[in-house]
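Chemist:
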Amino acid sequence: MTYVGRFAPSPTGPLHYGSLVAALASFLDARHAGGKWLLKIDDLDPPRESIDAPQKILRQLLALGLQWDLKVIYQSARLNSYDDAIESLQPFTFPCTCSRKSVAKVYSGTCRLKRYPEPGEPYAVRVQVPKQSVSIDDRSLGLHTWNLETDVGDFIIKRKDGLHAYQLAVVIDDLHYSVTHIVRGNDLLESTPRQLAIYERLNVSPPQYLHIPVLVDKSGNKLSKQAHAKPVDTSDAASTIRSALADLGQNTHENALNTKELLKKAASCWNPTTIPNVHDICAPNAYLK
Ligand SMILES: [Zn+2]
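Plus 379 on top of the position in the sequence shown (first one is 1) and you've got the working numbering.
1. According to DSSP, is THR613 part of a helix, a strand, or is it coil?
2. Going by C-alpha distance, which of ILE620, ALA665 and VAL550 is nearest SER460?
3. Which residues mark the beginning and the end of the alpha helix (DSSP H) in which LEU407 is found?
4. Using the C-alpha atoms, what's the distance from ASN634 back to ALA483?
5. Using 8 Å as the cut-off, classify the Cβ of CYS490 as near or not near the heavy atoms of ligand 1, replying yes or no.
6. Considering only the alpha carbon of each residue, which of ALA402, GLN454, ASP408 and LEU449 lies closest to ILE420?
7. In the DSSP assignment, find the alpha helix (DSSP H) that holds TYR461 and state where it starts and stops.
8. Is THR472 near ligand 1 - that is, is its Cβ less than 8 Å away from at least one heavy atom of it?
9. Give the list of continuous beta strand (DSSP E) stretches no shorter than 3 residues that lie fully inside the region 479-529.
10. Does the Cβ of GLN709 have 16 or more other Cβ atoms within 10 Å, making it buried, or fewer, making it exposed?
11. Whole-angstrom Cβ separation of LYS539 and ALA503, contact assumed at under 8 Å?
12. Measuring only from the beta carbon, is TYR486 closer than 8 Å to any heavy atom that is part of ligand 1?
13. Name the one or two DSSP bridge partners that CYS661 has.
14. Suppose you measure from the CA of ASN582 to the CA of LEU636; what does that come to, to the nearest Å?
15. I want to check one thing, is the minimum distance from the CB of THR476 to the heavy atoms of ligand 1 below 8 Å?
16. For a test of the three-state rule: what should DSSP assign to LYS670, helix, strand or coil?
17. Can you give the Cα-Cα distance for LEU403 and LEU440, rounded to whole angstroms?
18. If we call anything under 9 Å between Cβ atoms a contact, is LYS601 one with LEU667?
19. Nearest by alpha-carbon distance to SER512: which of LEU520, LEU642 and ILE577 is it?
20. Using only the heavy atoms of ligand 1, determine whether one of them is closer than 8 Å to the beta carbon of VAL562.
21. Give me the Cα-Cα distance between PRO655 and ALA646, rounded to the nearest whole angstrom.
22. Let me know if VAL451 comes out buried or exposed under the rule of 16 or more other beta-carbons within 10 Å of its beta-carbon.
23. Roughly how many whole angstroms lie between the Cα atoms of ASN664 and SER429?
24. Does the structure place the region 510-526 close enough to the region 422-437 that three or more beta carbon pairs sit under 8 Å?
25. Which runs of the alpha helix (DSSP H) at least 4 residues long sit entirely within the region 527-557? Give them in chain order.
26. Less than 8 Å between the CB of VAL531 and some heavy atom of ligand 1, yes or no?
27. Within 8 Å: the Cβ of ARG505 and any heavy atom of ligand 1?
28. So, are the CB atoms of LEU589 and VAL562 less than 9 Å apart?
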């Protein structure tokens, strides 16, 4: 199996330190394995996005020496694939007209017996989860198991407003590009069973997972583009990379002469078992607003 990994930022703004740490972890994991590292821009939700963010993100990654393989993938160019997937999942889906407010955390199944086409009102497409458990053996967090019926419930794969759900798009992309290894923040751990449910419904095997701690500010809030985090400064790439390596529990290779050599050494010594096994890590002051 050829290793294929990816980094998939949402273009809501330039990269901040938290997303850089995630990018670096997935980059090093791929390079250590001699695999491919893809860059995918998750631009499925235009109202939340910033038009110049993708170019800013690309420039930042290049300035930090994180060069991806193949052409940059844009989700906005893949909408037909998502619609095809929804069509192939149709035996397991139903139109849901419930309002967002009326739905509990685990969907109760109100619309499960509804059939297409739902007359008149707009509807979301919801996938019925199989009555079974799913699990991952995370390379850092170990075994996690979820009961799809009681922990997750039927969930939306296409929203009432016509936008495709992240859960669907991410699985269809990873399958299309034969992604074998996912390295991402552990804030996404809770979305994993939904993705596993889609893999089940499509009757294909999921990739391997490595969830890493998320970066937080002094108050414990996740670094985000909306708050707490400033764009990663790329003027001193090597010290930014070293800081991220330290947060990932890796050697910072002080003797490396430049960023290229630093990344090469870091990839060769990459060891996921020394990543701190904690939920979150406080970001260094320099990367906070
Ligand atoms: Zn419903």
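Glycine residues also receive a C-beta, built at the ideal position from the N, C-alpha and C atoms. Computed from a predicted structure; not experimentally measured.
Modeler: This is what the structure gives:
1. If DSSP states are grouped into helix, strand and coil, THR613 belongs with coil.
2. The closest CA to that of SER460, considering only ILE620, ALA665 and VAL550, is found on VAL550.
3. Annotation: the continuous alpha helix (DSSP H) that includes LEU407 extends over 396-411.
4. Near 54 Å, if we compare the C-alpha coordinates of ASN634 and ALA483.
5. At least one heavy atom of ligand 1 falls within 8 Å of the beta-carbon of CYS490.
6. Across the set ALA402, GLN454, ASP408 and LEU449, the C-alpha of GLN454 shows the shortest separation from the C-alpha of ILE420.
7. From DSSP, the alpha helix (DSSP H) with TYR461 extends over 458-467.
8. Incorrect: THR472 has no Cβ contact closer than 8 Å to ligand 1.
9. Secondary structure remark: continuous beta strand (DSSP E) runs of at least 3 residues inside the region 479-529, in chain order: 503-506, 512-517 and 521-526.
10. Because the chain is modelled from 380 through 668, residue 709 falls outside the range shown and cannot be assessed.
11. Indeed, because the Cβ distance is near 5 Å, the residues count as touching under 8 Å.
12. Yes.
13. VAL595.
14. Rounded to whole angstroms, ASN582 to LEU636 spans 48 Å at the Cα level.
15. Yes, since a heavy atom of ligand 1 falls inside the 8 Å radius drawn around the Cβ of THR476.
16. Since the displayed the chain opens at 380 and closes at 668, residue 670 lies outside it and no answer follows.
17. C-alpha of LEU403 to C-alpha of LEU440: approximately 9 Å in a straight line.
18. Going by C-beta atoms, LYS601 is not nearer than 9 Å to LEU667.
19. Answer by Cα proximity: ILE577.
20. No.
21. A direct Cα-to-Cα measurement between PRO655 and ALA646 gives close to 18 Å.
22. For VAL451, the number of other beta carbons within 10 angstroms of its own is below 16, and it is reported as exposed.
23. A direct Cα-to-Cα measurement between ASN664 and SER429 gives close to 26 Å.
24. In short, these stretches do not touch, since the Cβ pair count stays below three.
25. DSSP runs (the alpha helix (DSSP H)) wholly in the region 527-557: 545-555.
26. For ligand 1, not one heavy atom lies less than 8 Å from the Cβ of VAL531.
27. The answer is yes for ARG505.
28. Going by C-beta atoms, LEU589 is nearer than 9 Å to VAL562.
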